[in-house]
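Note that the protein sequences, when read in sequence, are chains A and B. One point on numbering: in my numbering, the residue at position 71 of the first sequence is 71, and numbering is uninterrupted. One point on numbering: in my numbering, the residue at position 111 of the second sequence is 1111, and numbering is uninterrupted. Since the structure comes first, as structure tokens, the remarks are kept for the end.
Protein chains: 2
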Amino acid sequence: MIPIRSVPEVLARARDLSAPAVEKALARLSPEVRPLAEYHFGLVDADGSRAGSTPTGKGVRPALVVLSAEAAGSTAEVGVPGAVAVELVHNFSLIHDDVIDHDRERRHRPTVWAIWGVGRAIIAGDALLALAQQVLLETGARDGSRTGAAGAPTGAGAAAARCLAEATADMIAGQALDMAFESLPGVDVARCLSMEAGKTGALLGCASSLGAILAGAELATIEALRDFGVELGLAFQAVDDLLGIWGDPSQTGKPIGNDLRQHKKTLPIAAALAAGDTAASELATLLELDTLTDEDVARAARLVEACGGREIAADEARGRLAGALAALDRCDLEARARDELADIARFVVAREF
Amino acid sequence: MIPIRSVPEVLARARDLSAPAVEKALARLSPEVRPLAEYHFGLVDADGSRAGSTPTGKGVRPALVVLSAEAAGSTAEVGVPGAVAVELVHNFSLIHDDVIDHDRERRHRPTVWAIWGVGRAIIAGDALLALAQQVLLETGARDGSRTGAAGAPTGAGAAAARCLAEATADMIAGQALDMAFESLPGVDVARCLSMEAGKTGALLGCASSLGAILAGAELATIEALRDFGVELGLAFQAVDDLLGIWGDPSQTGKPIGNDLRQHKKTLPIAAALAAGDTAASELATLLELDTLTDEDVARAARLVEACGGREIAADEARGRLAGALAALDRCDLEARARDELADIARFVVAREF
Chain A
1 MIPIRSVPEV LARARDLSAP AVEKALARLS PEVRPLAEYH FGLVDADGSR AGSTPTGKGV
61 RPALVVLSAE AAGSTAEVGV PGAVAVELVH NFSLIHDDVI DHDRERRHRP TVWAIWGVGR
121 AIIAGDALLA LAQQVLLETG ARDGSRTGAA GAPTGAGAAA ARCLAEATAD MIAGQALDMA
181 FESLPGVDVA RCLSMEAGKT GALLGCASSL GAILAGAELA TIEALRDFGV ELGLAFQAVD
241 DLLGIWGDPS QTGKPIGNDL RQHKKTLPIA AALAAGDTAA SELATLLELD TLTDEDVARA
301 ARLVEACGGR EIAADEARGR LAGALAALDR CDLEARARDE LADIARFVVA REF
Chain B
1001 MIPIRSVPEV LARARDLSAP AVEKALARLS PEVRPLAEYH FGLVDADGSR AGSTPTGKGV
1061 RPALVVLSAE AAGSTAEVGV PGAVAVELVH NFSLIHDDVI DHDRERRHRP TVWAIWGVGR
1121 AIIAGDALLA LAQQVLLETG ARDGSRTGAA GAPTGAGAAA ARCLAEATAD MIAGQALDMA
1181 FESLPGVDVA RCLSMEAGKT GALLGCASSL GAILAGAELA TIEALRDFGV ELGLAFQAVD
1241 DLLGIWGDPS QTGKPIGNDL RQHKKTLPIA AALAAGDTAA SELATLLELD TLTDEDVARA
1301 ARLVEACGGR EIAADEARGR LAGALAALDR CDLEARARDE LADIARFVVA REF
């Protein structure tokens, strides 16, 4: 009988596998960029000294990549370059998002731009994105030649790079839409979900199929795993949206009601504004204020709940989780990896909300 | 006898071939990003109306790519996806550089960030970079499937994507070094040249070999063409550095002595500061000022010349041009394309300096 691994064990195993490869990739960055990237990843402090803390983030994305390689019947190791590339793209987007949103803190530490300025933060993000593509395009290449001709990537590495480029493009489009929403009085729920599919679904869909692509899996397997990841991403984002209003600042590292303060049109807010009753109009009036006081934020949160926004987002999270689990049953996956993917999905959605 | 084409004809032909493909690629961007990208490329005005003006830029990069396909014995058309991808990466870097350098004007028009703000300009640049990779990774793919498995890129498309990712990484490293130089009192000439090799040489080296890579050329051909492009890039940058101090504002679209005002450590400035004589000390003292008046700038320019910086950069441009032309003779290239590459190199370096 195969011993059962808990979710924290599954995440820790994937982190142990991918973290050294991430560090190795970051070490390739130029001396002007590397300290910013290593700081952002929690490897060093702002002064360059080795950080004592554990790596930032829960490591859900790398776990999805290595499990998808195993689910397709390969080894976790085959997924590692994919895990590295997804982490690099995810963190490229975080560094740029912090600049765009003027967020000065992430995970209880100053953000990259808050320490080194906007220009250097832009460059650091750019460098991570280019590096992510390099990592995949070198996978299985016949040699380390820089010309590409002798070092042509394997079909699997190139297919993985294509999947990642598409997911990155979709993620950027989602982020652009999210920004556009901030200046709109309200957005319809369908458009909000389409934004979230881009912003979060695309990269999780890519992460959940990238290991299988690197393993050379069949199309049906890759597509089922990708659908699992997209659904999981939407569930994850719905939970994030709830935490963006009602999350405990000591857990989220952000002020309470942060999404309301920043005029985000996340799912609960968009759904509440669409309710059309007097509470919705009162909410709309409040959110038109340039700056919300703590009292305004608390009142807005109560109004979102009264308009049904909280329940709609919670339903969305549960429904997408069910969709994710159903996708896993659509094809023949290695049993243990499949069960661990399902456990991760339940774990992600079960965060306090 | 093959009729001789002038450099403007060669550039126009490459532009005619690649411009529709660039437009088609930009049309894939999301509605929130596309207008910014099309504005930056000179296709539309800021209000979205069709711009009457011709496309911005001379189109040297696309010409290098299509000529490199022809030089390797293939057709210009084979190089077109490469020309598109290089243009996208080049313009990604321009959009981000304008944010980083606080430049409010480029080519006599307001920059993207000056119109739409820093956040949207960051996103627009990011979107161009992701799109560039997509374009190459779709080249020759067996179908349009999004999963990568059925749509695996051809070996040549993937090798091209790898070459571009490496060049992009080198370019970003060069840009990071360039920024770091601004806060240093002086830099040695070797380090300055290494920065310029990254900032300009890498992408021109990629452009000059990308068509050959897409054509499936032999390694020796690809390497000779890449070396040609790297040398050309260094020649180009030396000329640019001269124009950054002595260029006619009506031609450069930037204030006279712009690089001095911005505390750049370009080749003529680095070389002048390294001269070690009294003029060099006077120059160093001037450049320590946070803000330079027009008079300071004029005085600094005279000092750079007196210290030999102008002559060193001009020699560098001539020497690198010779190196570029020599690289073309290192392997067996199709004669007409080879001659046109050589003509472009001479043309680029012959700009007023």
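The beta-carbon is built from N, C-alpha and C at its ideal position, and this holds for glycine as well. The model shown is predicted, which means the values in this text are computed figures rather than measured ones.
Here the alpha carbon of B:Arg-1336 sits roughly 8 Å from the alpha carbon of B:Ala-1071.
For the region 266-298 of chain A, the set of residues with a beta-carbon nearer than 9 Å to any beta-carbon of chain B is empty. For a Cβ distance threshold of 7 Å, residue set Met-1179 of chain B lies close to A:Arg-120, ordered along the chain. With respect to chain B, the C-beta atom of A:Ser-250 has no partner C-beta closer than 7 Å. Of all alpha-carbon atoms in A:Ser-93, A:Phe-92, A:Asp-47 and A:Arg-61, the one lying nearest the alpha-carbon of A:Ile-115 is that of A:Asp-47. Cβ atoms of A:Pro-268 and A:Ile-312 come within 8 Å of each other, at about 7 Å. Taking 7 Å as the cut-off between beta carbons, the residues of the region 90-102 of chain A near chain B are His-96, Val-99 and Ile-100, in sequence order. According to DSSP, A:Pro-110 shares a beta bridge with A:Glu-105.
Within the model, the alpha-carbon separation for B:Thr-1278 versus B:Lys-1058 is close to 40 Å. Contact with chain B is found for A:Gln-134, since one of that chain's Cβ atoms lies less than 7 Å from the residue's Cβ.
It is roughly 8 Å from the alpha-carbon of A:Thr-154 to the alpha-carbon of A:Leu-137. Residue-level contact check: B:Arg-1330 does not touch chain A, since none of the beta carbons of chain A fall below 7 Å from its beta carbon. When 7 Å is used as the limit between beta carbons, A:Thr-168 is near these residues of chain B: Ala-1130, in chain order. Judged by DSSP secondary structure, A:Pro-249 falls within the alpha helix (DSSP H) whose first and last residues are 249-252. The region 1186-1264 of chain B is shown to contain whole alpha helix (DSSP H) runs of 4 or more residues at 1189-1196, 1202-1214, 1219-1246, 1249-1252 and 1258-1261, in chain order. Apart from the 5 residues on each side of it in sequence, A:Gln-237 sits with its Cβ closer than 6 Å to the Cβ of Glu-196 and Thr-200 in its chain, given in chain order.
With fewer than 16 neighbouring CB atoms inside 10 Å of its own CB, B:Glu-1009 falls in the exposed class. Short of 6 Å from the beta carbon of B:Gly-1186, and not among the five residues preceding or following it, lie these beta carbons of its own chain, in chain order: Leu-1273. Interface criterion met: the Cβ of A:Asp-126 is under 7 Å from a Cβ in chain B.
In this structure, B:Gly-1174 keeps its C-beta atom at 7 Å or more from the C-beta atom of B:Gly-1205.
In the DSSP assignment, A:Phe-347 falls within the unbroken alpha helix (DSSP H) covering 335-349. In this structure, DSSP gives B:Val-1044 an extended state, which the three-state scheme calls strand. A Cβ of chain A is located within less than 7 Å of the beta carbon of B:Arg-1162. For A:Lys-24, the enclosing alpha helix (DSSP H) has its first and last residue at 7-26. The region 258-265 of chain A makes no contact with the region 81-96 of chain A, as fewer than three CB pairs between them are under 8 Å. Using a 10 angstroms sphere on the CB of A:Asp-178, the tally of other CB atoms reaches 16 or more, which defines it as buried.
A:Ala-350 and A:Gly-253 have their C-alpha atoms spaced approximately 19 Å apart. Taking the Cα of A:Ala-25 as reference, the smallest distance to any Cα among A:Ala-270, A:Ala-127, A:Thr-168 and A:Asp-343 is reached at A:Ala-127.
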